[in-house]
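Encoded as structure tokens, the structure appears first; notes follow it.
Numbering (our numbering), first residue to last: 228 to 442.
In structure tokens, the structure reads:
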């Protein structure tokens with residue numbers, strides 16, 4: 228199993244999804260996280276609470292009952308279930324920390340930054356902090372999203388002038404050349420931290436991981 232389970236009880240399951248593996252594939256012939264976990268649970272209930280893009284790695288939480296799924300979905304909507312990200316980007320932000328606010332519109336398999344008045348425009352907000360500069364051409368960022376838009380982090384960072392390394396959809400010629408030079412084959416973005424209240428006991432649960440490129 229490519230998916231690594233980091234926490235499990237009878238109500239929830241938290242796992243580390245590797246880059247390149249879909250959360251849930253449209254084809255039964257392609258492996259995905261959901262199929263692997265359902266096999267692990269021997270057919271038991273598995274509720275999807277949130278997803279990650281296929282080329283992105285990181286932590287995912289699943290519910291093991293309908294009741295837990297309802298509670299976790301509510302926590303996600305209310306901001307109780309929090310997700311932190313880290314990314315390796317090409318270039319350096321002009322400030323050590325900041326807030327990006329844009330309006331995005333989904334166009335097929337991409338998101339585009341558009342004006343607030345455009346039909347389908349949805350507000351997207353994230354906060355970032357430079358964890359550390361890496362060499363002359365890139366930086367490692369800590370990121371927290373205040374909204375959950377399609378490809379939000381990838382689109383906003385690219386629009387802000389610091390595309391994520393390994394991102395073929397939103398990268399620039401320079402960032403992709405740097406990615407090839409560094410041997411980065413997947414999007415260097417990771418859902419590296421998760422914090423939530425247990426849906427039954429109410430106790431706080433948190434987990435963190437560190438991707439290889441952030442060490």
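Just so it is clear, CB atoms sit at the ideal spot from N, CA and C, and this is done for glycine as well.
Within the same chain, Cβ atoms closer than 6 Å to the Cβ of residue 341 are found at 330, 332, 348, the five residues on either side in sequence being excluded. Under the three-state reduction of DSSP output, residue 411 falls in the coil class, being neither helix nor strand. Taking every protein chain shown into account, the CB of residue 272 has fewer than 16 other CB atoms within 10 angstroms, so this residue is exposed. By the C-beta density criterion, residue 297 is exposed, having fewer than 16 other C-beta atoms within 10 angstroms.
Listed as beta-bridge partners of residue 367 by DSSP are 315, 359.
Sixteen is the threshold: since fewer than 16 other Cβ atoms of the shown chains lie within 10 Å of the Cβ of residue 410, the residue is exposed. In this chain, residue 441 is not harboured by any beta strand (DSSP E), its DSSP state being neither H nor E.
Between residue 315 and residue 441 a beta carbon distance of about 7 Å is seen, short of the 8 Å cut, so the two are scored as contacting. Annotation: residue 282 to residue 414 spans about 6 Å, alpha carbon to alpha carbon. When the five nearest sequence neighbours on each side are left out, the beta carbons in the same chain lying within less than 8 Å of the beta carbon of residue 431 are those of 422, 423, 424, 425, in order along the chain. Judged by beta-carbon spacing, residue 383 lies within the 8 Å limit of residue 353, meaning their Cβ atoms are closer than that value. In terms of Cβ geometry, residue 242 and residue 256 do not form a close pair [threshold 8 Å]. Per DSSP, residue 229 is not a residue of any beta strand (DSSP E), being assigned neither H nor E. If you check the CB distance, residue 317 and residue 402 come in under 8 Å. Excluding residues up to 5 positions away in sequence, 238, 272 lie with their Cβ nearer than 7 Å to the Cβ of residue 292 in the same chain. A check of alpha carbon separations from residue 295 across 279, 278, 274 identifies 274 as the nearest. Between residue 286 and residue 434, the gap from beta carbon to beta carbon is short of 8 Å.
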